[in-house]
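A.B. asks: Sharing a structure below in structure tokens format, with a few things to ask.
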Amino acid sequence: MDNSRMTEGVKTLLGDPKKAIIRLSIPMIVGMSLTSLYNFVDRMWVAGLGPDALAATGFFMPFFFLAMAIATGIGVGGGAVVSRMIGAHDRKAAESASMHTIIFSVAAAAFFSVPFILVSPVIFTAMGATTSLDDAVSYANIMFTGTIFVFFTNVANALLRSEGNARKAMVAMLIGTLLNVGLDPLFIYTFGMGVGGAAIATVISLAISAALLFYWLFVQKKNYLKPSLSGFRFHGKTIREILFIGIPTMIGQGSMSVMMFFLVGLLAAISKTRADAIIAAGGTVDPAVLDHGIAVFTAGWTVVQFAILPLLGIATAVISVTAAAFGAREFSKLKTVHSFSFSIGLGIEVVIALLTFFLAPFIAMAFTWSLETAPLAADIAVFFSVIWLYFPAAAGNIVSQAVFQGLRMAYRGLVTTLLRTVVFALFFAWLFGIYFRMEEPGVYTGMVVATWISSIVAFVWARKSIAFLQKRPDMQAGKIEGPQTVDDTVVG
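In this note's numbering, the protein residues as written are -6 to 485.
Here it is in structure tokens:
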């Protein structure tokens, strides 16, 4: 690599891993926090319309997780390949990988959105939507239409981070978030568009962020990477490399969609069972309260997403720093990356957990400021009184998965994610919520238990994998996992 042409971001990426993690993660924590405000602001304003509108955004939540899973998987895969090529001093290959990533993401967005638009009413009915069904369909179909902007912004941000340019990614997120904050009340209340207006405001904000990112990548061209269609040649091998790293992330984060689908259905079933028992005893139930459990979970989980963003910001930095160290064969940095990122992530989450526990009633007020949603305040506070233990538990899992992704061991991260979301979470949520009859608090408890167990497994496995690589610095890329794997069984 011509060092005279290295950007400051690339120099950071290849330098001291502790400094690199801090410099890359801080802009991403800020930027991702701003991005998370899309959902937070949407649901805060939607709460003024009543529990049905809030529940409607909750029924869409599993599909939002699925869209983000695919987009993030493509971005993680492409970004890791690009970072590794930068570490290996191959700028041309890095630019080719970035172009492959962008084209693939646009195609994936098109294939994702259309089927769901056609069948969303059937799906939401099957999930248990009752009085919130119409709002759920209205909100979801608009959001599905804007999927291409979700995909492009995620991938473009990942590519900027892959060369150490996290600041531009943060600026794009900031602009989109500020637009959404201003447009939400305008479309929801001023234009009288209700919950559909919240979706329109979000899509417009994402579209403008996407346009800015497009300008930086393809028009301004002041970055280290300069992707272009000029002279571009499609290589199936590059797509396979992106998918090799990205598919585990897609499946892993997609399993979050499965978990959310199950949890929403479980909460709806608990509400229905409780209502049936009241009716059987000769009482009456207002149909409007049947989706209240979903509304409570939607509001609470919005805060959870916000609370773990520091971990996700650190993880994005860990992926890039680990991949660059791996590409440069500097295996001695790996343990430092894992230990340092886990320590700061755990410390931050402990502070956030304690604040959430003590300030739960005040946090709940963000979603219960209207007369329509005020009755939900006590139940939302109960959610926080349990879920605060989830935050520090997530540290080991998220950071260790990032290390696996950077080391081209993404399938190990996938295993730990599936254990948490599909195996442990579903089992313990059912166990505490249904079998032990703890109802909604039992569901929340099950999620906490599942996260602690999977985090311990992920942390130990990552440590063992790093130790193995440090003993075998002669190992070549491509022999860590995949069809050529032989010695990998020693680690697993």
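In this text, a Cβ means the ideal position worked out from N, Cα and C, and glycines have one as well. Computed from a predicted structure; not experimentally measured.
Per DSSP, what kind of secondary structure is ASP128 in: helix, strand or coil?
C.D. replies: Helix at ASP128.
A.B. asks: Could you tell me whether the stretch 20 to 27 touches the stretch 304 to 313, using the rule of 3 or more Cβ pairs below 8 Å?
C.D. replies: yes
A.B. asks: Using the three-state DSSP reduction, which class does ILE201 fall into: helix, strand or coil?
C.D. replies: Residue state, collapsed to three classes: helix.
A.B. asks: Which residue's Cα is closest to the Cα of LEU364: VAL39, PHE335, ALA81?
C.D. replies: VAL39
A.B. asks: Taking the alpha-carbon of ARG36 as reference, which of THR366, GLY229, LEU412 has the nearest alpha-carbon?
C.D. replies: THR366
A.B. asks: Return the chain-ordered list of same chain residues with a C-beta closer than 7 Å to the C-beta of ALA371, the five sequence neighbours on each side being excluded.
C.D. replies: Same-chain partners within the cutoff: there are none.
A.B. asks: For the alpha helix (DSSP H) containing THR183, name the first residue and the last one.
C.D. replies: It is not in any alpha helix (DSSP H) - THR183 carries neither H nor E in the DSSP assignment.
A.B. asks: Helix, strand or coil for LEU171? Go by DSSP, reduced to three states.
C.D. replies: helix
A.B. asks: Taking the alpha carbon of GLY80 as the reference point, which residue from GLY68, VAL314, ALA162 has its own alpha carbon closest?
C.D. replies: VAL314
A.B. asks: Excluding the five sequence neighbours on either side, which residues of its own chain have a C-beta within less than 6 Å of the C-beta of ILE181, listed in chain order?
C.D. replies: TRP38, GLY190, ALA191
A.B. asks: In terms of alpha-carbon separation, which member of ASN390, ALA49, ALA300 lies closest to GLN246?
C.D. replies: Per the C-alpha coordinates, the member of ASN390, ALA49, ALA300 positioned closest to GLN246 is ASN390.
A.B. asks: Leaving out five residues on either side along the sequence, give the residues of the same chain with a beta carbon under 6 Å from the beta carbon of LEU462.
C.D. replies: PHE324
A.B. asks: Which first and last residues belong to the alpha helix (DSSP H) in which THR277 is found?
C.D. replies: Unbroken run through THR277: none, as it is neither H nor E.
A.B. asks: Hey, how far is the Cα of TRP423 from the Cα of GLY439?
C.D. replies: If you take the alpha carbons of TRP423 and GLY439, they lie about 8 Å apart.
A.B. asks: Going residue by residue through the stretch 384 to 430, where are the continuous alpha helix (DSSP H) segments of at least 4 residues, counting only ones entirely within it?
C.D. replies: 403 to 411, 418 to 423
A.B. asks: Could you compute how far the alpha carbon of ARG267 sits from the alpha carbon of MET402?
C.D. replies: Distance between ARG267 and MET402, taken at the CA atoms: about 45 Å.
A.B. asks: Quick check: what's the CA-CA separation for GLU342 versus PRO385?
C.D. replies: 5 Å
A.B. asks: If we ignore side chains and look at the alpha-carbon of each, how far apart do VAL3 and LEU218 end up?
C.D. replies: Going by the C-alpha atoms only, they are around 10 Å apart.
A.B. asks: Note down, in chain order, each residue of its chain lying with its Cβ closer than 8 Å to the Cβ of GLU1, except the 5 sequence neighbours on either side.
C.D. replies: GLY157
A.B. asks: Taking 8 Å as the threshold (C-beta atoms), are MET249 and THR414 in contact?
C.D. replies: It is a contact, given that the beta carbons lie within the stated cut-off.
A.B. asks: Between ILE272, ILE301, GLN298, LEU256, which lies nearest to GLY286 when the distance is taken from Cα to Cα?
C.D. replies: LEU256
A.B. asks: Please name the residue in ALA292, GLN298, ALA288 whose C-alpha comes closest to that of PRO486.
C.D. replies: Residue coverage of the chain in this structure runs from -6 to 485, which leaves residue 486 outside it and unanswerable.
A.B. asks: On the premise that GLY258 lies in contact with GLY121, defined as a C-beta separation below 8 Å, what is that separation, rounded to the nearest angstrom?
C.D. replies: Right, the Cβ-Cβ distance comes to about 6 Å (below 8 Å), so this counts as a contact.
A.B. asks: Got a sec? Which residues, its chain only, sit under 7 Å from PHE33 by beta carbon, not counting five neighbours each side?
C.D. replies: THR295, PHE299
A.B. asks: Would DSSP call ARG267 helix, strand or coil?
C.D. replies: helix
A.B. asks: Short check: CB of PRO434 to CB of PHE254, under 8 Å?
C.D. replies: Going by C-beta atoms, PRO434 is not nearer than 8 Å to PHE254.
A.B. asks: How about VAL75 and ALA64: are their beta carbons less than 8 Å apart?
C.D. replies: no
A.B. asks: Is ILE134 helix, strand or coil when you go by DSSP?
C.D. replies: The sequence as given places Asn at residue 134; Ile does not occur at that position. Note: ASN134 maps to helix in three-state DSSP.
A.B. asks: May I ask you to report which of helix, strand or coil DSSP gives GLU342?
C.D. replies: helix
A.B. asks: Quick check on DSSP: helix, strand or coil for LYS12?
C.D. replies: helix
A.B. asks: Whose CA, out of ILE201, VAL392, PHE225, lies closest to the CA of ALA455?
C.D. replies: VAL392
A.B. asks: Tell whether a beta-carbon distance below 8 Å holds between PHE319 and LEU400.
C.D. replies: yes
A.B. asks: On the three-pair Cβ rule with 8 Å, is the stretch 97 to 110 touching the stretch 339 to 359?
C.D. replies: no
A.B. asks: Return helix, strand or coil for LYS457, following the three-state DSSP convention.
C.D. replies: helix
A.B. asks: What is the DSSP secondary structure of PRO368, reduced to helix, strand or coil?
C.D. replies: helix
A.B. asks: By Cβ distance below 7 Å, which residues in the same chain neighbour PHE53 in space, the five residues on each side in sequence not counted?
C.D. replies: Cβ contact annotation for PHE53 (same chain, cutoff 7 Å, sequence separation greater than five): ALA129, TYR132, ALA133, MET136, in chain order.
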